[in-house]
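**Student:** FYI, in the working numbering the residues of the sequence shown are 92 to 181.
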Amino acid sequence: MDGVPVPAPKGAVVMGHDATMGKVRGKIKEAVGKLSGNERLQAEGRTDQAKAKVREAAEHVRERAAGIVDSLKHRDRHHGRHGHHHDHRE
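Okay, structure coming up:
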């Protein structure tokens, strides 16, 4: 099924989707605000875009942290760091 988009399970969060939609929504609001002379709408649009950038950065940090945790788990599994108890009887 190469090239066929697979929908995410209901309730799943698609990384980047919320941030991207926030940017788009913000750009639209800002443009409509400019065209109509509505400064409040322009400001809301800029705010939406800023929030989207923060969300995007947070998603990036989460993804990086998950990658680091996964690589540490993988390393530990291959180096035998889990489940080994040393018997120190005298």
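Glycine included, C-beta positions come from ideal geometry on N, C-alpha and C.
1) Taking THR138 as the reference, give the member of ASP109, LYS118, THR111 and LEU163 with the closest Cα.
2) Mapping DSSP to helix, strand and coil, what is GLY124?
3) Quick check on the burial criterion: 16 or more other C-beta atoms within 10 angstroms. Buried or exposed for GLY136?
4) Give a yes or no on whether the C-beta atoms belonging to ALA110 and ALA143 are separated by under 8 angstroms.
5) Where are the beta strand (DSSP E) runs, 3 residues long or more, that stay fully inside the region 108-157, in chain order?
6) If we count the other Cβ atoms within 10 Å of its Cβ and call it buried at 16 or more, is GLY113 buried or exposed?
**Tutor:** Taking the definition as stated:
1) In terms of Cα proximity to THR138, the closest of ASP109, LYS118, THR111 and LEU163 is LYS118.
2) Secondary structure at GLY124: helix, using DSSP grouped into helix, strand and coil.
3) By the neighbour-count rule (16 or more Cβ atoms within 10 Å), GLY136 is buried.
4) Result yes, Cβ atoms of ALA110 and ALA143 sit closer than 8 angstroms.
5) If we require 3 residues or more, the region 108-157 turns out to have no beta strand (DSSP E) run fully inside it.
6) Per the 10 Å Cβ criterion, buried.
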